[in-house]
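Numbered by the numbering used here, the letters in the sequence shown go through residues 14 to 499 in order. Yeah, the Cβ is synthetic: ideal placement off N, Cα and C, and Gly gets one too. A quick write-up on the structure given underneath.
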Amino acid sequence: MFTASIFSDLDITRRNVSKNLDPDRRLEFAQYMTPNSIASFMSSLFTYGKKIKLIDPGAGIGSLTSAFLESSLKHNSNVDVEAWEIDPSLIPYLESTINHWKKKSNGTISYKIHSEDFIDYASFLLGMGRDKYFTHAILNPPYKKINSQSKHRHLLSSIGIETVNLYSAFVALCISLLADKGELVAIIPRSFCNGTYYLPFRKLILESTSIKQIHLFKSRNRAFSDDDVLQENIIIHLVKGADFNNVIISTSLDAEFHDYAEHKCDYSSVVNQSSVNKFIHIPSNESEKYPPDICTNTLSEIGLEVSTGQVVDFRAKEYLIKNITNKSIPLIYPFNYVDGKLIWPKEHKKPNALKMSSEIKNLLMPKGNYVLVKRFSSKEEKRRLVAFYLSPDNLDSDLIGFENHLNVFHLSKKGIDEYLARGLTVFLNSTIIDQHFRVFSGHTQVNATDLRTIRYPSREKLIKLGRKSLNSPNDQLSIDNLIRNI
Ligand SMILES: C[S@@+](CC[C@H](N)C(=O)[O-])C[C@H]1O[C@@H](n2cnc3c(N)ncnc32)[C@H](O)[C@@H]1O
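Take a look at the structure:
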C-alpha cells in the first residue's frame, strides 16, 4: 500500500494555482492538476531501478513528478527528469517543485524543463529516431479533441500515430519514447476502452505494452473533485514489451483511497486479443468474469460449425416464389420467427419460399435440428444475440433454405443433435452470454466469425441444458435460471 506524499504544501499550491488560472487558458490547455493522494498512488505502482529517466509531459506544477521523486528517494534511485509544460505561467511552480526534491537528494536528481508543446517536441524526437529513451513515464495529460485538420493531427500522423484526443496522443507518444520494459502510469479518461475512434490507440497499447493494473474510482467525479471534473477517469499502469500476466483491477471510492481494494484477473478477461475491436473490459468485481466461467470450449470442441445463411434473396430473385405448393422449399428469414416460434409460410413483402433448381440446390440444407441466430438486431430488442431453434418437425420439406440475415449452426451442412441444438439456443439467449458478446464484439451485427470466436459450455453441459429446457418456460428469467444451474 502507498503512503500519501509528505509534500503537503504542494496540494495547497495546487488549489491556489488552480483557482487563479485564466479560465480561457484553463479550457484551452485542459489544466486539471492531480491531487497529492492520487499522485502518490500513481507513483507507488512503478518499480524503481538504480537509474531512471522519467518523462512527465504536460507537467503542470509538477504534482506527479513530485510524488515520483519522493518515492525514488526511498529507493535510492538516480533520476533524470524531463518535463514538458506549455503554459509559461506554470513553469516557475514546476521548477520550484522539482528543486524541492533535488535539494533533498544529494545529487541523485537532475532535470530539464521544456517550456513548449510536447506534441511538437516528441514528434520531432521520434521523427529523428530518438525512441526507447525513457524508463518511466508518469502523466495526467490534457484531455481535448484533436481536430482532423490541426497541426497536432498532421504531426502525429507523420509518425504513424492516429488518434483523436490529446490524452491518447500523449500516452501514445510516451509509449513510443519508452525503452523496453519501460513503465507508464497515467490517469486518463476511460473512453479509450471502447469505440472505434480509439481502436488504433488500443492496438498500440495492446501490441507494445502489457497492462499491469487498472484503478477505477467508484464515484465518477471524485478523482478531481476540487475541479468539478465529471469525466470518468482511470489510472492505468503499462509495461512496454512485458509478458501478458494477470491484471490487477483496483478500486477506491475517491482520491482518498480509504477503501482501496484489488483483485487479480486473467489477461484474457480484460482483453480479447483476437477480437476485431480490441475493447478493454474492466471487470469491476471478481464475479464479473470475462468470459463467463461456463464458456470453456471452442465451437469445434463441441463439434459444431456456424455459417451465414447461404441464400441471398436479391441474388436468388428468379427462384423466389409467392404461391406456395407442396414442392416449394421453405426459405427461412428472421421474420419467420414470432416470439421464438416459427411461422412458415408467413405473409410478408418478401416471398419466403424457393423453387428448386440446380443453382439453388447447393445452397440448401437437409431437414434437421438447427440453431439460427439473427445477424441484425433492432434497437428495441433487449438482446444483441437472438437465437431460434429449428426442429425437423417444424417444416414439411426435406430441404430448407436459410436466408443471409441468419447465421446457422450445423455440422457439415447438416442438422445437429436435438438436445445440443436446444441447449445451444438457451445458452445463446441467456443474459450472461449477451453481456459477454457486447463487450467482446462491440458492433451491432452478429457475424459468423464472432460466433466462431466466442467460447461455449461443453457439449455435455449444452445437451443437459437442452433436456432441462423441455420443461422450462421460455422467458428471460427462466432461461437465465437454467444457465445458472448447469
Ligand atoms: C490535466 S493537466 C495535468 C497537469 C499535471 N500533469 C498534473 O497532474 O497536475 C495537463 C497539463 O498539460 C499542459 N498542456 C496542455 N497541452 C500541452 C501541450 N501540447 N504540451 C505540453 N503541455 C501541455 C497544460 O497546461 C496542463 O498543465
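Practice prompt. Return yes when the Cβ of S181 is within less than 9 Å of the Cβ of G140, no when it is not.
Written response: no
Worksheet item: Among residues of its own chain, excluding the 5 on either side of S425, which ones have a beta-carbon nearer than 8 Å to its beta-carbon?
Response: E318
Worksheet item: What residues match up with P70 in a beta bridge as DSSP calls it?
Response: Per DSSP, W97.
Worksheet item: Going by C-alpha distance, which of E98, L107, P364 and R497 is nearest F327?
Response: P364
Discussion item. In chain order, what are the residue ranges of uninterrupted beta strand (DSSP E) at least 3 long that sit wholly in the stretch 310-389?
Written reply: 318-321, 342-345 and 383-387
Worksheet item: In terms of alpha-carbon separation, which member of I413, I201, P305 and V252 lies closest to L229?
Response: I201
Worksheet item: Heavy atom of ligand 1 less than 8 Å from the Cβ of F131, yes or no?
Response: Set against 8 Å, the gap from the CB of F131 to the closest heavy atom of ligand 1 is smaller.
Item to complete: Using three-state DSSP, classify L152 as helix, strand or coil.
Response: DSSP places L152 within a strand segment (E or B) once states are collapsed to three.
Worksheet item: Counting only beta-carbon atoms, is T457 nearer than 9 Å to chain D?
Response: No chain D is present in this structure, which holds just one protein chain.
Worksheet item: Using DSSP with H/G/I as helix, E/B as strand and the rest coil, what is C187?
Response: helix
Practice prompt. Please name the residue or residues paired with V218 in a DSSP beta bridge.
Written response: The identity of residue 218 in the sequence shown is Ile, whereas the question assumes Val. Note: I218 sits in no beta bridge, so no partner.
Worksheet item: What residues are listed by DSSP as bridge partners for G414?
Response: L344
Worksheet item: In whole angstroms, what is the alpha-carbon distance linking I307 and K216?
Response: 28 Å
Discussion item. When you compare the stretch 136-155 with the stretch 64-84, are there three or more beta-carbon pairs, one atom per stretch, that lie closer than 8 Å?
Written reply: Touching, yes.
Worksheet entry | ligand 1 heavy atom lying under 8 Å from the CB of R166 | no
Practice prompt. Grab me the residues of I429's own chain with a C-beta within less than 6 Å of its C-beta, minus the 5 sequence neighbours each way, in chain order.
Written response: N382
Worksheet item: Hey, would you say the C-beta of P36 is under 8 Å away from at least one heavy atom of ligand 1?
Response: For ligand 1, not one heavy atom lies less than 8 Å from the Cβ of P36.
Fill in: DSSP state of I261 mapped onto helix, strand, coil
strand
Worksheet entry | Buried versus exposed call for A400 [16 or more other C-beta atoms within 10 Å across all chains shown] | buried
Worksheet item: Any chance the CB of G254 is under 8 Å from a heavy atom of ligand 1?
Response: no
Worksheet item: With distances taken between CB atoms, is the gap from L186 to F131 smaller than 9 Å?
Response: yes
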